[in-house]
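Whatever position you read off the sequence shown (first residue = 1), add 1 for our numbering. Virtual Cβ for every residue (Gly too), placed ideally from N, Cα, C. Only a predicted model underlies this, so the values are computations on that prediction, with no experimental measurement involved. Contents: one structure, followed by commentary.
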Amino acid sequence: MHAFEEIIARTDVFALFFDIDGTLIDIAPRPDDVVVSEELCRNLVRARLRYDGAVALLSGRSLSWIEQRFGDAVTAVGALHGLERRNAGGECERFPAPPALAAARETVSAVFAMTPGILIEDKGLSIAVHYRAAPESAETVRALAEGLARDSGGTLAALPGKCVVELRTVGPHKGNALDAFMLEQPFVGRRPVFFGDDRTDEDAFAAARALNGIAVAVGREPEEVGADLYLDDPPAVRAFLAEAASGGRLGGRA
């Protein structure tokens with residue numbers, strides 16, 4: 002049996018964890034331009050039913066953003082790379098913001114507020130500086146974020162991603178969030194399967210594999226990120242999810 006077919010068939014064995022941007026949904030030029038379709042939410046609900054609730058989202062997005070776009074499609078959510086977490090019972094926990102974050106927020110705004118093509122996204126416990134529309138500013142963005150992290154007394158870290166650098170509160174990461182879910186019902190005793198596409202997902206890849214689970218790289222070579230399996234892009238992930246939601250009755254994995 003092919004690995005993906007086994008994951009779809011053995012709903013009593015596996016738990017599904019999905020990154021959002023670049024994995025479940027396509028990356029857009031601006032963070033708020035992404036599309037979360039009704040079909041995607043319906044398939045998440047159906048998959049959650051088939052896997053007895055063992056489906057979660059692990060994302061760099063804030064919990065409030067995920068709630069606004071996904072509604073109640075998924076209860077278990079690790080947000081802000083693990084700094085916010087809502088368990089399958091709906092209970093939430095949030096890591097506290099360090100004092101250095103407020104000063105860093107002011108500095109980032111002062112430096113980049115008027116720079117064409119730079120988008121500053123304030124997530125509460127982190128600040129993301131997007132340079133997709135200003136690639137010539139990439140090194141400046143990275144240097145500023147790394148400098149602010151160095152000056153924070155170990156309370157902030159610079160986290161690079163796809164055309165973005167995030168200055169985030171030092172605390173739990175996606176791997177820690179996955180580990181925490183796996184200690185709770187309905188995840189406990191299952192094998193985690195994590196789907197991710199970016200450097201920010203590598204902690205969760207490692208956590209899944211350490212628990213006899215499976216890491217699925219999206220759009221990147223598995224050996225590049227320490228993953229086991231590969232899917233081409235978000236449409237392929239959504240096609241897998243549709244089959245996981247339907248019990249594999251859609252006629253093949255895209």
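| field | Residue of Leu50, Arg239 and Glu244 minimising C-alpha distance to phenylalanine 19 | value | Here residue 19 is taken as the residue at index 18 of the sequence shown, counted from 1. Of Leu50, Arg239 and Glu244, the residue nearest in Cα terms is Arg239.
| task | Report the three-state DSSP secondary structure of cysteine 164 (helix, strand or coil). | result | As a position in the sequence shown, residue 164 is number 163, starting the count at 1. Three-state DSSP puts cysteine 164 in coil, outside helix and strand.
| Does the separation of the CB atoms of arginine 62 and valine 37 fall below 8 Å? | Working through the sequence shown from its first residue, we reach residue 62 at position 61. Working through the sequence shown from its first residue, we reach residue 37 at position 36. Cβ distance not < 8 Å, so arginine 62 and valine 37 don't count as in contact.
| query | Of all the alpha helix (DSSP H) runs that stay within the bounds of the region 119-154, which reach a length of 4 or more residues? | reply | Scanning the region 119-154 from its first residue to its last, the whole alpha helix (DSSP H) runs of 4-plus residues come out as 139-151.
| proline 236 in three-state terms, based on DSSP | Locating residue 236 in the sequence shown gives position 235, counting from the first residue. Of the three classes helix, strand and coil, the one that applies to proline 236 here is helix, per DSSP.
| Length of the line joining the Cα atoms of histidine 3 and glutamate 68 | Locating residue 3 in the sequence shown gives position 2, counting from the first residue. Locating residue 68 in the sequence shown gives position 67, counting from the first residue. So the two alpha carbons sit approximately 34 Å from each other.
| field | Spatial distance of alanine 105 from alanine 111 (CA atoms) | value | Position 104 of the sequence shown, counting from 1, holds the residue named residue 105. Position 110 of the sequence shown, counting from 1, holds the residue named residue 111. It is roughly 10 Å from the alpha-carbon of alanine 105 to the alpha-carbon of alanine 111.
| Does the Cβ of methionine 115 have 16 or more other Cβ atoms within 10 Å, making it buried, or fewer, making it exposed? | Taking the first residue of the sequence shown as 1, we reach residue 115 at position 114. Methionine 115 should be labelled exposed.
| request: Please go through the same chain and pick out, in chain order, the residues whose beta-carbon is closer than 7 Å to the beta-carbon of alanine 48, but skip the five residues on each side of it. | output: One-based indexing of the sequence shown puts residue 48 at position 47. For alanine 48, where only same-chain residues beyond five positions count, the Cβ hits under 7 Å are Leu17, Val56, Leu242, Ala245 and Ala246.
| said: Measuring straight from C-alpha to C-alpha, what distance separates alanine 74 and arginine 43? | reply: Here residue 74 refers to the residue found at position 73 when the sequence shown is read from its first residue. Here residue 43 refers to the residue found at position 42 when the sequence shown is read from its first residue. Cα-Cα distance, rounded: 7 Å.
| task | With DSSP collapsed to three states, give me the class of alanine 159. | result | Position 158 of the sequence shown, counted from the start, is the residue given in the question as residue 159. DSSP, read as helix, strand or coil, puts alanine 159 in strand.
| task | Can you give me the Cβ contacts of histidine 131 inside the same chain, cut-off strictly under 6 Å, excluding the 5 residues immediately before and after it? | result | On the sequence shown, position 130 is the one that residue 131 refers to. Cβ within range, chain order: Leu120 and Val165.
| Any idea if aspartate 204 is buried or exposed, counting beta-carbon neighbours within 10 angstroms, 16 or more meaning buried? | Residue mapping note: residue 204 aligns to position 203 of the sequence shown, counting from 1. Buried, because 16 or more other Cβ atoms sit within 10 Å of the Cβ of aspartate 204.
| message | Measuring straight from C-alpha to C-alpha, what distance separates glycine 253 and phenylalanine 5? | response | The residue you call residue 253 lines up with position 252 of the sequence shown. The residue you call residue 5 lines up with position 4 of the sequence shown. Caution is warranted here: a pLDDT of 36 is assigned to glycine 253, below 50, making its placement in the model unreliable, and the coordinate value is therefore given only provisionally. Glycine 253 and phenylalanine 5: Cα-Cα distance of roughly 10 Å.
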